[in-house]
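Using my numbering, you'd call the opening residue of the sequence shown number -2 and step up by one each time.
Glycine included, every Cβ here is placed at the ideal spot set by N, Cα and C.
First comes the structure, then the notes that go with it.
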Amino acid sequence: MATLPRTTDSNLNETRSIGVISRFASLRTVPKSWIIIAVIFYCASLLTVGLLAGLVPRRIQYTNVFATPTRPPKTTETTEITETTSTTTKPSVCIDDECNPRLVSDLIVHSYELEYIYNDTTQTTVQGKVTIEFTLKQPTKQLIYHAQGFVRLEEPALYEDGVYRLVSMRKYIPNDYLSLYRTADDLFAPNQYRLVQQFVVQLTDTFTGFYQSTYQDKDETMGKLLAAKLRPINARKAFPCFDEPQLKAQFKIRIIHPQNTIALSNFPIIQETNQNNVIQTIFDDTFRMSTYIATWAILPDTYGKILDDPEEPQVTVWARREPTEKNQTAFALEIAMNSITFYEEYFSVSEALPLKIDILAINNFASVAMESSGLISFREDRITYNEKTMSTYQKLQVANIVAHEIGHSWFGNYVTCKWWDDLWFSEAMVSWLCRKPLDINYPDWNIEVQALTDDVILAMWEDAKPSSHAIVVKNVTGVSEILDYLDLLTYTKGVSVLRMLEYIATRDKFRSGLQNYLMINAFDVGDLNMFYDQLLNNTNGTQFMKSWLEEPNYPLLHVQLNVENGDTKLTFTQSRFILSNALNSSHLDKNYRWKIHIKCILGGNSSDFDTNNRTGDIIDFILEKEQDTENLPGTSYSWIKCNQNFQGFHVTQYSFPTTTWQSFTSVIETQPTFFSIEDKVNLMQDTFLLAYKGLIDYAEPLRIIRSLTKIHMTEYVHWRTFQWHWDTLAELIDYLPDTLTKFRDFAIQQVLANDVTLDYILSPDVDDNHNEKLVKGILFTLLCRMNHPDAIERASGLFKSIPIAHFNNSDVAIGVAADFLSDVYKYHLQNDDNEADWNNMYNYYQVTTSTHEKTRALIAISSTNNKDRLNKLLNEGLIGGPNTIKRQDYFPMMGHMSRHATGREAVWSFYKENYSNLANTFTLENRPFTTAIASITRSFEKESFLHEMLDLFLKHPNAGTGGEAARQQAIDQVNMNIEWVKSRESSLRDAFDTISRH
-2 MATLPRTTDS NLNETRSIGV ISRFASLRTV PKSWIIIAVI FYCASLLTVG LLAGLVPRRI
58 QYTNVFATPT RPPKTTETTE ITETTSTTTK PSVCIDDECN PRLVSDLIVH SYELEYIYND
118 TTQTTVQGKV TIEFTLKQPT KQLIYHAQGF VRLEEPALYE DGVYRLVSMR KYIPNDYLSL
178 YRTADDLFAP NQYRLVQQFV VQLTDTFTGF YQSTYQDKDE TMGKLLAAKL RPINARKAFP
238 CFDEPQLKAQ FKIRIIHPQN TIALSNFPII QETNQNNVIQ TIFDDTFRMS TYIATWAILP
298 DTYGKILDDP EEPQVTVWAR REPTEKNQTA FALEIAMNSI TFYEEYFSVS EALPLKIDIL
358 AINNFASVAM ESSGLISFRE DRITYNEKTM STYQKLQVAN IVAHEIGHSW FGNYVTCKWW
418 DDLWFSEAMV SWLCRKPLDI NYPDWNIEVQ ALTDDVILAM WEDAKPSSHA IVVKNVTGVS
478 EILDYLDLLT YTKGVSVLRM LEYIATRDKF RSGLQNYLMI NAFDVGDLNM FYDQLLNNTN
538 GTQFMKSWLE EPNYPLLHVQ LNVENGDTKL TFTQSRFILS NALNSSHLDK NYRWKIHIKC
598 ILGGNSSDFD TNNRTGDIID FILEKEQDTE NLPGTSYSWI KCNQNFQGFH VTQYSFPTTT
658 WQSFTSVIET QPTFFSIEDK VNLMQDTFLL AYKGLIDYAE PLRIIRSLTK IHMTEYVHWR
718 TFQWHWDTLA ELIDYLPDTL TKFRDFAIQQ VLANDVTLDY ILSPDVDDNH NEKLVKGILF
778 TLLCRMNHPD AIERASGLFK SIPIAHFNNS DVAIGVAADF LSDVYKYHLQ NDDNEADWNN
838 MYNYYQVTTS THEKTRALIA ISSTNNKDRL NKLLNEGLIG GPNTIKRQDY FPMMGHMSRH
898 ATGREAVWSF YKENYSNLAN TFTLENRPFT TAIASITRSF EKESFLHEML DLFLKHPNAG
958 TGGEAARQQA IDQVNMNIEW VKSRESSLRD AFDTISRH
């Protein structure tokens, strides 16, 4: 165990000796009778305390934290000793600055020196020592820093400008604070300080802090690795520190670990020594980083790896031997190398990267990835690519996540957010920017356009509800509260807003703005307002962004076109868009106005009703008030299309003198390439949202879809937009028999238009590009989802052609293209009640080492219409055990079951009847449990279901962590469903009849 240096300073020993001699000398002058009386009194006091301790009842124990004076350390530095008094305080009651959830001391942290001692792979704890060098800029009574959950935490040694200072320490547990105090209420003076503290860490299996993870490798061999995941506020679990993102410092890391293991950290190894059956690995000093960016790992030396260059590797991908030897990490390595090359050129900054990057795949990693500089951790399934079983879309996801995490080397690591409420920016920025290296290196993917279907459409649906929240939440300082808001909506809307900002500013100016932002804030924290202001010329950048970041929801832009006496008049009016009239929006500001970038093209000729004349004016301005007008003298346009290239985050409603939306279908059919790919997505999105709300007839989105299929709709984003909205409606219409048949028929007609056949869809061509593979996958999914008899039959036939050995985890050829595998599994088990097939799939879920295949198997077994098997999964999963559903899969399984009628009934009955058992088993701290209600009830369409939900919530009022928001989301969605059935189902049903007649 590492210890403080031994004392050799003669001055210290002399000081102690003089003090002892002088005290004994003073006793000689005291009368003996006084001494005898004092001794008797002392003994009596001890006896009294002992008796009281034995008599006081012990039924209640109070845990107190003692503010204990730190002992003078064994050190060679000059030491100045002062007396202090021990005090006892309750750790749940804050004192002065401890009451602030943020550190208030004005200080600069220079460096952390970390040492960990892990001598034996059987250890469940690790010994550590931290040395923190910092400068205090203002005097303070309390010196506060963070620590949480240590098995043992030694008293710190504090040096002021090299001189030891005696301090007392106490904890304030709610804020994870350690507070140091000087004696006699002295202040800590502005000066340079060194804090040294030893500790013992418990290795957890929670994948936070300093944790351990076990895994099964090839030949069923078991392995264990240690690693650190410190974001957002888990560094304090691994070492005492100033755990806030703006307090960046250099890290010096040393790890002592067993032979036959490998140590990794942020920066390269500079020294490695082998002695006494352990290895000491010392890493190069890092550049300045936030505490959450620091990381390290200890791996068995049998862990697999591939390198970009065997002689001088820059990038190494580490993973279990099985995927490594099957070459399943090569694609991630390729993406990483391409991304690094692109980002260094795009940002004109290369110093953001360490000299090496390790990419570490961890089986069952709790989150998708952790972007620590120089050592990036991923859940294994997110960076391994198996061409045999992974679809084209899953390949795209691997590329996306690798490019995303590499991008954090610049946004997040090199330049960091000041506080967690700005974390959305680095996440959303790299989510948008990571598409650029992929677009350069894989142009046929058309990846930037897919932001519409991956982010914008999803965000617009969720953000159109009164229960939505702003991206930046004001007046919230607690980290846990802020992180509650960093949900999927925050990231998807964040991407949408940054995409809009780049479009307005132009690509070149956006890029130069990013370069300036990085250059000015290198190795520091960034000022986002400075970045916004330099991008926009015609409006205040900060105010423009605030209008989108600090308010929930988004605007409905109504555009009215009128022609009088040969002149065109345009009226633009904005209001808040809420998706359903069933939702209470009274708490929202009805007078709020967004700053909307308006960019429109006009066309047609109203005088002769020619909608195909497309040589028109461009309208381009910022709408900042409720209404504005534009006059175009001497022109007679018949239509206007706004939100050009779907760059804005708003929905547009039009009013024209003659037919409105049919003007667009006429242009689509007569000039298929006039509107961009993005514009066509925008027309689908707007019409579906407006029809759902009841502002237009459902015939309008159906006409747009039919016009696109007439011109051979071949773009993935078009089919994906249609599929997304159709799936959303299908969850309701599955329970509405009067509409179901027409609903299914319309979708099947679009898929099989233009002589498309099942043989064409299911016969992958070696020449199929990325887009074509994605489209074929969606077409087959749509046919199966719409219960097309031939598609269901083909799915079952393909399932039966798969060798049984495949379901025993044997590496055999399966003869089914990966793009269809999920549907083949799911729809065979849903429509064929074959017990042996179901049992084989359940066994496959247990034995497969592929996370992708495990998810497919879970969905398939959850899709059966056999109630007994569904209840078997629910009951056995609740009890737990080695051959049941894994704990982390239990509530996702419930969500999959609730996607079909038999499963929905089984899950809801089980959930209601077993709520207390579920709460006791999983606890109310378990977010998958507390938030599952929103997924389980998503398709409820009757008042009776709503009453059952409300009764359940009344019976169990404690919703748990994240549960209140999930319950409100569930209530909102069911109210929306009930309202839609009452007011919109007939409109959709009539629209099918209208479309079929024309």
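In angstroms with no decimal places, state the Cα-to-Cα distance between residue i and residue j.
i: Asp378; j: Ser847; result: 7 Å
i: His999; j: Phe280; result: A question about residue 999 goes unanswered here, because the residues of the chain that appear run from -2 up to 995.
i: Thr649; j: Lys690; result: 13 Å
i: Phe541; j: Met497; result: 11 Å
i: Leu455; j: Phe719; result: 13 Å
i: Tyr912; j: Cys91; result: 37 Å
i: Glu130; j: Tyr178; result: 18 Å
i: Asn974; j: His944; result: 14 Å
i: Cys414; j: Val346; result: 18 Å
i: Tyr908; j: Phe942; result: 13 Å
i: Trp429; j: Asp834; result: 42 Å
i: Leu705; j: Ile665; result: 7 Å
i: Lys979; j: Arg901; result: 22 Å
i: Thr958; j: Gln965; result: 13 Å
i: Leu313; j: Ile356; result: Before going on, a small fix: residue 313 reads as Thr here, not Leu. Computed Cα separation, rounded: 6 Å.
i: Asp614; j: Gln682; result: 24 Å
i: Ala898; j: Asn784; result: 14 Å
i: Glu342; j: Ile252; result: 35 Å
i: Val821; j: Arg853; result: 10 Å
Cα-Cα, which of the options is closest to residue i?
i: Phe147; options: Ser165, Phe207, Gln139 and Leu163; result: Phe207
i: Thr662; options: Gln644, Thr649, Lys638 and His647; result: Lys638
i: Ile856; options: Asn831, Leu871, Asn872 and Met890; result: Met890
i: Met997; options: Thr881, Ile141 and Arg935; result: No answer is possible for residue 997: it lies beyond the span of the chain, which begins at -2 and ends at 995.
i: Trp442; options: Tyr908, Ser572, Trp977 and Val714; result: Val714
i: Leu304; options: Ile295, Thr991, Tyr824 and Ala333; result: Ala333
i: Ala1003; options: Ser673, Val560 and Tyr390; result: The first residue shown for the chain is -2 and the last is 995, placing residue 1003 beyond what the model contains.
i: Phe653; options: Leu580, Thr684, His555 and Leu620; result: His555
i: Ile930; options: Ser941, Ile403 and Met946; result: Met946
i: Asp990; options: Thr270, Tyr842 and Arg700; result: Arg700
i: Arg981; options: Leu726, Asp834 and Trp721; result: Leu726
i: Tyr109; options: Glu152, Gln145 and Phe236; result: Phe236
i: Asp202; options: Lys226, Asp216, Gln247 and Asp834; result: Lys226
i: Thr861; options: Glu873, Lys823, Gly877 and Tyr887; result: Lys823
i: Arg285; options: Thr450, Leu104, Glu341 and Asp521; result: Asp521
i: Val198; options: Arg896, Phe248, Ala232 and Leu533; result: Ala232
i: Thr128; options: Ser793, Ile789, Ala967 and Tyr190; result: Tyr190
i: His584; options: Ala810, Ser102, Arg573 and Lys592; result: Arg573
i: Tyr839; options: Lys869, Met219, Ala224 and Met426; result: Lys869
i: Pro320; options: Lys302, Phe950 and Thr258; result: Lys302
i: Ser819; options: Arg782, Asp787, Leu244 and Asn562; result: Arg782
Going along the chain, which residues of its own chain have a beta-carbon closer than 8 Å to the beta-carbon of residue i, five neighbours each way excluded?
i: Glu74; result: For Glu74, the pLDDT reaches just 41, beneath the cut-off of 50, and the residue's location in the model is therefore unreliable, although a value from the coordinates is still provided. Once the five neighbours on either side are set aside, the close Cβ partners of Glu74 are Asp6, Tyr156, Gly159, Val160 and Tyr161.
i: Glu95; result: Gln139, Ile141, Tyr169, Asn172, Tyr174 and Ser176
i: Ile619; result: Asn535, Thr536, Phe541, Lys592, Ile593, His594 and Ile595
Excluding five sequence neighbours on each side, which residues of the same chain lie with their C-beta closer than 7 Å to the C-beta of residue i?
i: Thr487; result: Trp421 and Ile468
i: Leu525; result: Asp419 and Phe422
Can you find the residues in the same chain that come closer than 6 Å, C-beta to C-beta, to residue i, ignoring five residues on each side of it along the sequence?
i: Asn116; result: Val275
i: Glu309; result: none
i: Gln641; result: Lys596
i: Phe375; result: Ala358 and Ala366
i: Ala41; result: Because the pLDDT at Ala41 is just 47, under 50, the model does not fix this residue reliably, and the value given afterwards should be weighed accordingly. Result list for Ala41: empty, nothing under 6 Å.
Three or more C-beta pairs below 8 Å linking the region 258 to 268 and the region 322 to 335
no
For this session: Would you check if the region 504 to 523 and the region 474 to 486 touch, i.e. whether three or more CB-CB distances between them fall below 8 Å?
Result: no
Which complete alpha helix (DSSP H) runs does the region 460 to 528 hold, if anything under 4 residues is left out? You should have 476 to 482, 485 to 502 and 504 to 517.
_the region 392 to 407 contacting the region 356 to 371, beta-carbon criterion three pairs below 8 Å_ = yes
Touch test, the region 798 to 810 against the region 759 to 767, Cβ-Cβ under 8 Å, three pairs minimum: Contact fails: fewer than three Cβ-Cβ distances are below 8 Å.
*What residue ranges within the region 717 to 793 form continuous alpha helix (DSSP H) runs of no fewer than 4 residues, ordered along the chain?*
734 to 748, 755 to 759 and 767 to 782
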